[in-house]
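The structure under discussion appears below in the form of structure tokens.
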Amino acid sequence: MAKNTTNNITTVNMILGDQLDQDSLIFNDVEKSNALFFMAEVLAESKPQEINQKTLGAHSSKQRTVLFLSAMRHFKLYLLSQDYTVEYFDISQKYPSFSKSLDTLLEQSKFKTLRCVLPGDERVRLELKAWCKSNNIEFEVLADQHFITQKGAFKKWIKDKKQPRMEYWYRQLRKECQILLDDKGKPVGGKWNYDGDNRQSFGKEGPKDLPENIKFEHHKDDIYTQVIKDVEEHLPDLYGNLKEFNWPLNRQQALTQLDDFIKNRLQCFGDYQDAMWQDQAFLFHSLLSSSLNLKLLNPIEVIQAAEKAYKDNKVPLNAVEGFIRQILGWREYVRGLYWLQKDDWLDMNFLQAQNKLPNFYWHAKTDMNCMAQSLSQVVDYGYGHHIQRLMVTGLFSLIYGVKPQEIEQWYLAMYVDAIAWVEQPNTFAMSQYADGGFLASKPYIASGNYINRMSNYCKHCKYKYNQASGEKACPFTTFYWDFVNQHQDHLSQNPRLGMQVKNWLNKSTEEQKQISEHATYLRRKISHQD
Ligand code: FAD
Ligand code: SF4
């Protein structure tokens, strides 16, 4: 602990690993002289722990764990620099869970109230709430000011919507926040949405003038190097590796990342946000999600930086609108949905998918080139861009029939930006259609044809993207038709997918049989792979 003793403390201000927000409400109404801030690195947040015959916690990869712990320790330094008193339990103290760490804190100081900004994971909120209840401690939950929309706004907006769509939520926020509007309050350029310009592939030549990513000098950072040692010693067998770790660890680095994106990559973000390319993990994406989700950056400052680049004539409108839509639109939308359905996510399984997650998701060794490429990025960097998540790793899981809860644990564990409030709606609803179409108007399904159109992966693959059966058949194409067959009753009711069902029904009985048999054979083979 830094300065004061904890004896005379009545309130503990707990800061969780994804709450590293210098403008947080937790700093309001505290007197530095007698306020205690508490941060804890606990084992269960990287590896589930058996406690009182219950399994508690979630998996977190090496990249994700090292990011969280390093950023937390940097934030502790920030708190100390502001003269706050901090009690910090690090991973070497081996607290299995937040509850156990709070037991020790309570022995040290007989505090009466635990204050905390709303955790981004309902599981953690419930754990803290239960601990407070059993110890007769008041649990004070503060609103999370980091987000653009505040408590209750989304619930109010969605109340009378039968089939809510992100687009209208986004337009409302554009108006409320005065983003990309002209003098008359209309969208600049005359349109709200430039998605039509933003679906390009790189063509045969591939990406031109790809900017180099900035390199942080983490190897010179004592906090980071100590975290690596601690993780190797106390959490030795986490998934993934650390060879290429390069994520911002504090606000200064996050601002550098933002600046680099605005100057070097935003320009092409719109055109190529859906495109993929062999051995290129980052392309023109911002790599800002982890900094945003740890709250090192505020979404409004990111949006305003992009808008300014447009006003300064440095980037085209389709790029900046496309980028702002992701943060103002999708990010705020999925957060609203998460809290709206917080009790339901973990049970959702509209399509009744029951298969286990194939093992290659964890180590990336598979002969499907698009999967090997997308998965190895996750193992090496804890990263994949949106289309890789939705239309490669997520798509495969959906059409192969993985139980949504299995793939959800993988997304939560493996990506550096994964926190339940954003990961669960994206995984369960957008990617796996487990909510039956509340978020997405249709399941995001496609054959190998889509992957071939949006990347050069298929050129480096042993399979043929347009074959659905036989030795060389692309597993995506086989499982795609098998999915259409299995779910034809539901899909035929959807105006956007009815044609696919018709295409299936127009195939000869012999072709249908070959595809179905090949799908069964492939499922058996994949389920037995290590
Ligand atoms: P960019 O492509 O540069 O986009 C800019 C920013 O927009 C992102 O940093 C992010 O903050 C925001 N954004 C874009 N799409 C979304 C979206 N669908 N939902 C919320 N915010 C969005 N994003 C996470 O932050 N954490 C997750 O755990 C996560 N899990 C996902 C799981 C699945 C199955 C899918 C399909 C998407 C998931 N996403 C998640 C959304 C999106 O893929 C990532 O935000 C994005 O790829 C992060 O990379 P980037 O920062 O380079 O983003
Ligand atoms: Fe992926 Fe099929 Fe293309 Fe191979 S052929 S890269 S498996 S889509």
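The sequence shown begins at 4 in the working numbering and counts up by one.
Glycine included, C-beta positions come from ideal geometry on N, C-alpha and C.
All figures in this text were calculated on a predicted structure; none of them were measured in a lab.
Just checking my contact of SER49 with LEU241 at CB under 8 Å: how many whole Å lie between their CB atoms?
6 Å
Mind the definition here: the region 286 to 296 touches the region 243 to 263 only if three or more C-beta pairs lie below 8 Å; say whether that holds.
yes
ILE12: which of LYS113, LYS164 and CYS119 sits nearest, CA to CA?
LYS113
Find the nearest neighbour of ALA156 within the set PHE219, GLU220, LEU129 and LEU340, judged by alpha-carbon distance.
Among PHE219, GLU220, LEU129 and LEU340, the Cα nearest to that of ALA156 belongs to LEU340.
Determine whether the beta carbon atoms of ASP383 and LYS246 lie at a separation below 8 Å.
yes
Can you determine whether any heavy atom of the ligand SF4 sits closer than 7 Å to the C-beta of MET371, and answer yes or no?
yes
Are the Cβ atoms of LEU39 and THR116 separated by less than 8 Å?
no
For the region 480 to 489 against the region 436 to 456, are there 3 or more C-beta pairs whose distance is under 8 Å?
Yes, they touch.
Which one of LEU378, ILE390 and GLN52 has the shortest CA to CA distance from ASN244?
LEU378
THR14 (DSSP reduced to helix, strand or coil)
strand
I'd like to confirm something about PRO122: is its beta-carbon nearer than 7 Å to some heavy atom of the ligand SF4, or not?
no
Measuring only from the beta carbon, is GLY397 closer than 7 Å to any heavy atom that is part of the ligand SF4?
no
Sort out for me which residues DSSP pairs PRO190 with in a bridge.
LEU184
Drop a sphere of 10 angstroms on the beta-carbon of SER472, count the other beta-carbons inside from all chains shown, and report buried for 16 or more, exposed for fewer.
Flag for SER472 reads buried.
Test item: CB-CB of ILE559 and LEU145 under 8 Å
With the chain represented from 4 up to 533, any question about residue 559 goes unanswered, as that position is not in the structure.
Please identify the residue among ASN358, GLY188 and LEU398 whose C-alpha is closest to the C-alpha of ARG174.
GLY188
From TRP172, THR481 and ALA284, residue whose alpha carbon lies closest to that of TYR524:
THR481
Would you report the Cα separation of GLN203 and LEU129, rounded to the nearest angstrom?
44 Å
Whole-angstrom distance between ASN253 and ASP24, CA atom to CA atom
10 Å
Alpha carbon of ILE303 to alpha carbon of GLU426, nearest angstrom
21 Å
Are at least three pairs of beta-carbons, each pair with one atom in the region 324 to 339 and one in the region 271 to 284, less than 8 Å apart?
yes
Would you grab the beta carbon distance between TYR414 and ARG67 for me? Rounded to a whole angstrom, and I think it's under 8 Å.
Not confirmed; about 11 Å, so no contact.
So what's TRP195 in DSSP terms, helix, strand or just coil?
coil
When burial is assigned at 16 or more other CB atoms within 10 Å of the CB, is SER36 buried or exposed?
exposed
ILE54 - partner residues in DSSP beta bridges
LYS57
I'd like to confirm something about PHE205: is its beta-carbon nearer than 7 Å to some heavy atom of the ligand SF4, or not?
no
Assign PRO251 to one of two classes, buried (16 or more other C-beta atoms within 10 Å of its C-beta) or exposed (fewer than that).
buried
Proximal residues to ASP200 (C-beta, below 6 Å), its chain only, five neighbours per side dropped:
ASN321
Is it true that the region 354 to 366 meets the region 390 to 404, where meeting means three or more beta-carbon pairs spaced less than 8 Å apart?
yes
Mind checking whether the beta-carbon of CYS477 lies closer than 7 Å to any heavy atom of the ligand SF4?
Flag set: Cβ of CYS477 near the ligand SF4.
Helix, strand or coil for TRP250, going by three-state DSSP, please let me know.
The answer is coil: DSSP assigns TRP250 none of H, G, I, E or B.
Looking at PHE563: is its Cβ nearer than 8 Å to the Cβ of VAL127?
Nothing in the structure corresponds to residue 563, since the chain is present only between 4 and 533.
Tell me the rounded alpha-carbon separation between GLU53 and LEU108.
21 Å
So, with DSSP's three-state summary, where would you put THR88?
strand
If the criterion is Cβ atoms closer than 8 Å, does the pair GLN148 and SER27 meet it?
yes
Return the bridge partner residues of ARG268 from the DSSP annotation.
Its beta-bridge partners do not exist; DSSP assigns none.
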